[in-house]
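Numbering (UniProt numbering), first residue to last: 1 to 702.
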């Protein structure tokens, strides 16, 4: 993970080797922990979304644990560095307690032994005792009053005693830890009695002085005899024995004070200077979020829903306008307008038809439509192949997972693939439905094209061939300059103006853009949650309210114009001379106008379909990458788990031990061998720091 600190800036802040230890073993892990806490609300880290596999080795065993959530990664990082918190003089005694409270909620199965609630609870007690011991050592070095030092030592002894009892009760830590805790408990008690004896001497209580020194001597003798494998107490033994010898000598020759029994001695007081403090983020000073500009997941989700609402509203308004335009074109085509008022000679191609023919030819004519239709199956097939390959990856991994689960049964402890892949399979099914609907839409477009192909092809002919294909009719009565014709021309011009305004309005609707991030962030900061629907609806009404009004006005204006055009066309039809030739000619002109409208709509639909397939390809490629990533992560997890299972099986005994016959173990004389009076020594393992022992393995993985 890259940080914004340069090497020079980093080392300028280090003033001693201890500072360097703090930086290496505390600063960077804490920054990583803080970054996880900061990024968690922004990234949906989970096995079925943003899948990042975190692998941790058990510090006490050969097992491993895999997790795809930062909820487990955070306590693992925290636990792996708890042993350094005291070395760096940090007030993070409550780190283990925090782990104890959160680790179970982070997993859907049992955690490894080293980070289980019982283990970290015990380690929390050990660290509390170690912290108290630090205060005792500091007070001793500073030569504080013996009464205070005795209380600090006695409290440390109590903490070590509690930790020892917890170890015996839960039995989760390595056996080597037990004698160290027992020895520490005795040593702290001995120190408490020693310093309390000095206080008794100052108070002229010479008998009490001897009694406490005798108790201290017994305690260190126990440590020296039982736990010398782990802790060397020679200096402490010598110091206590010297004090005891001098006290006895003075009392025997001078004071003759009665030495009380141990049970009659007043207990030493206690003074605790440590306590468990909650983990407060950030742990590191001057923490800088590397992903500061990214918004929280709630805001991302709200923005996604808002954008969908916005797109739906814009598409609705555009669909209303396009539907109205198609309706107007259909009405004009049925009335043969404007060709009817232009075709007064009866033997030439009306100008409006020539304009339509020119427009169709400029757009490529039927060759364009044929090519677009030809490309659709290839685009469809490419999308199907990507989707099928994505689901095949999931199927193969799920089959392997099921086979291994059947083979290893309860040993195969990880989330089943069929449960993990449910969201991905639902997403894949949705894409299948989208493709099926697209195939149906493509079929409808092709069918429509076939029914109008010949007429569209006619529009692509040169003017001479087009004129020859249109039946001629007897010249109509001269209608140029007639009032009805002028009214129709005016109404048609007004309708064209409405269409142009509608095109501009559609462009304006598409270009409207407003960033809702700040509004959602403000709502999240103020209320702690986002009422997306209320905020989005209010903002969409504010932004698109005026556009809705303009669309309705345009629709209403068109309705009035079409009504007036139909009325004027009735008057125009009465004035025209009616015969079979003119009726046939008018029918052909109507079909040509309809063919032009269909050509425009077909090209638009086919281009939109091509764009849809290309955009869907990008979406499906992302889906394929998501499937590939999670399958790769699952394979990596599977390989690690298989390795651990194989090692675990290899460590298991191949068969139960068979007891030897009695005659093979009994001497010839029939008597049993004498039991050895020498106890079996404990394994010689030096333990310097309990917390470091517990998490040395975990720390190495950070």
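Cβ coordinates follow ideal geometry from the N, Cα and C atoms, glycine included.
What are the uninterrupted segments assigned as alpha helix (DSSP H) that are 4 or more residues long and contained completely in the segment 386–442, given in chain order? 417–420
Could you tell me whether any non-hydrogen atom of the ligand GDP is closer than 7 Å to the CB of residue 287? Within the structure as shown, the ligand GDP is missing, as the structure has no ligands at all.
Does the pairing of the segment 323–335 with the segment 540–548 give three or more beta-carbon distances under 8 Å? no
Going by beta-carbon coordinates alone, are residue 163 and residue 223 separated by less than 8 Å? no
With a threshold of 8 Å on Cβ separation, who are the neighbours of residue 448 within its own chain once the five nearest residues in sequence on each side are excluded? 598 and 602
So, with DSSP's three-state summary, where would you put residue 276? coil
Entirely enclosed alpha helix (DSSP H) segments - the segment 478–517, minimum 4 residues: 483–511
For the alpha helix (DSSP H) containing residue 244, name the first residue and the last one. 234–250
Proximity of residue 270 and residue 151 at Cβ, strictly below 8 Å: yes
Can you grab the Cα-Cα spacing for the pair residue 620 / residue 387, in whole Å? 6 Å
Can you list, in chain order, the residues of its chain with a C-beta nearer than 6 Å to that of residue 494? Leave out the 5 residues immediately preceding and following it. 561
CA-CA distance, residue 134 and residue 259? 33 Å
Could you tell me the boundaries of the alpha helix (DSSP H) in which residue 161 lies? 146–170
Residues of its chain near residue 384, where Cβ-Cβ distance is below 7 Å and the 5 sequence neighbours each way are ignored: 435
Could you check where the alpha helix (DSSP H) with residue 186 kicks off and where it finishes? 177–202
Neighbourhood of residue 455 by C-beta, 7 Å cutoff - its chain only, sequence neighbours within 5 removed: 591, 592 and 595
What number of angstroms, rounded off, separates the C-alpha of residue 470 from the C-alpha of residue 335? 17 Å
Whose C-alpha, out of 420, 340 and 356, is nearest the C-alpha of residue 572? 340
What separation, rounded to the nearest whole angstrom, lies between the Cα atoms of residue 273 and residue 130? 12 Å
Burial state of residue 534 (16 or more Cβ within 10 Å): exposed
What's the gap between the Cα of residue 389 and the Cα of residue 338? 54 Å
Inter-residue Cα distance where the pair is residue 622 and residue 424: 12 Å
Please work out which residues of its chain come closer than 6 Å, Cβ to Cβ, to residue 39, disregarding the five sequence neighbours upstream and downstream, and give them in chain order. 291
Quick check on the DSSP output: the alpha helix (DSSP H) that includes residue 117 runs from which residue to which? 117–141
Look at residue 236 and residue 192 and say whether their C-beta atoms are less than 8 Å apart. no
Taking the Cβ atom as the reference point for each residue, do residue 216 and residue 194 lie within a distance shorter than 8 Å? yes
Just verifying my parser: in three-state terms, what is the DSSP assignment at residue 287? coil
So, residue 153 versus residue 127, is the Cβ gap smaller than 8 Å? no
Could you check whether residue 373 and residue 492 sit closer than 8 Å to each other, using their CB atoms as the reference points? no
Proximity below 8 Å, CB of residue 201 to CB of residue 209: yes
Check the C-beta distance from residue 520 over to residue 530 and give it rounded, since I have them as a contact under 8 Å. 5 Å
Output the boundary residues of the alpha helix (DSSP H) element that contains residue 310. 297–334
What does the alpha-carbon distance come out to for the pair residue 311 and residue 511? 12 Å
Backbone secondary structure at residue 174 - three-state DSSP: coil
Assuming contact is defined by CB atoms lying nearer than 8 Å, are residue 540 and residue 313 in contact in what I supplied? yes
Measuring straight from C-alpha to C-alpha, what distance separates residue 119 and residue 635? 30 Å
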